[in-house]
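Just so you know, we're using this note's numbering here: the sequence shown kicks off at 333 and counts up by one.
The C-beta atom is built at its ideal place from N, Cα and C for all residues, glycine as well.
One structure below.
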Amino acid sequence: MARERKISTEELYQTTKQLLLDRGYDGYTFTLLANRLDVSRAAIYKYYENKEELLSEYMVYELQTFIYNLKIVNQEKSFFDQFHALFNYIFNDMSIYRIREIGMQIPTVNQKVAENKQKLEKMHIQLYTLLQKFIEFGKSENVLKKDLPSSLVLGLIFQTVNIPNLERIPHSEWVEKMKEIMCHGMFNKE
């Protein structure tokens, strides 16, 4: 039987993340989580009624972390510095996009999950506002074309993580090539 021990929120969330990546939403169970943490299931049930509560709370944590890091990105002085910082951040941990997709599967099974989903909705508005400021800053510095819709620019930036690296180019080089295409295009100058 697993021994009783204190686990930190960070350890709980890191293990949750790894289990979600390994097993997906349907394969994630408190039994597996307890085994990986070397605690009893009862130790987890003390804090969470079900996996949906834990996973929705974890999603709030991930989005809070993303927003916090985006605020740091927005402190850079120039748009180019902000752009490079944002790009490096979103490519630093590409697993977060899989986690986000998994998070969308969480059903609203009780009030606690509903509250966490409401928090996530409010945080998405905050995230959108920060990203909108980023785009407006680029336009005000005459770096981004003013006639480009902000949603298109943001979509291009965030969808780059979904482009497969079929040639297995080293990750850092791949990220630099993506930034080069985003900043300078893919056509030779005439």
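The straight-line gap separating the alpha-carbon atoms of proline 439 and threonine 348 is approximately 17 angstroms.
In the three-state scheme derived from DSSP, where H, G and I count as helix and E and B as strand, threonine 361 is classed as coil. In its chain, beyond the 5 residues on either side, Ile404, Val405, Glu408 have a beta carbon closer than 8 angstroms to the beta carbon of alanine 417. Leaving aside the five residues that flank lysine 471 on each side, the residues in its chain whose CB is nearer than 7 angstroms to its CB run, in chain order, Lys478. Within the segment 352 to 399, complete alpha helix (DSSP H) segments of at least 4 residues are found at 362 to 369, 373 to 377, given in chain order. The beta-carbon distance between leucine 352 and isoleucine 434, rounded to whole angstroms, is 5 angstroms. This is short enough to meet the 8 angstroms contact definition. If you check the CB distance, methionine 426 and valine 493 come in under 8 angstroms. A direct Cα-to-Cα measurement between leucine 463 and isoleucine 489 gives close to 11 angstroms. With respect to the C-alpha of isoleucine 339, the residue from Tyr357, Arg368, Phe466, Val392 having the closest C-alpha is Arg368.
Assignment of lysine 409 by DSSP, reduced to helix, strand and coil, places it in the coil class.
For the pair tyrosine 400 and lysine 383, the CB atoms are not nearer than the 8 angstroms cut-off. Taking the Cβ atoms as the reference, glutamate 394 lies roughly 13 angstroms from isoleucine 422, outside the contact range of under 8 angstroms.
Assigned with DSSP and collapsed to three states, threonine 461 falls in helix. Aspartate 358 and glutamate 505 have their C-alpha atoms some 35 angstroms from each other.
Shortest Cα-Cα distance from lysine 444 to any of Ser410, Leu386, His456 involves Leu386. Separation of leucine 402 and methionine 436 (C-alpha to C-alpha, rounded to the nearest whole angstrom) is 22 angstroms. The alpha-carbon of methionine 391 is positioned some 22 angstroms away from that of alanine 374.
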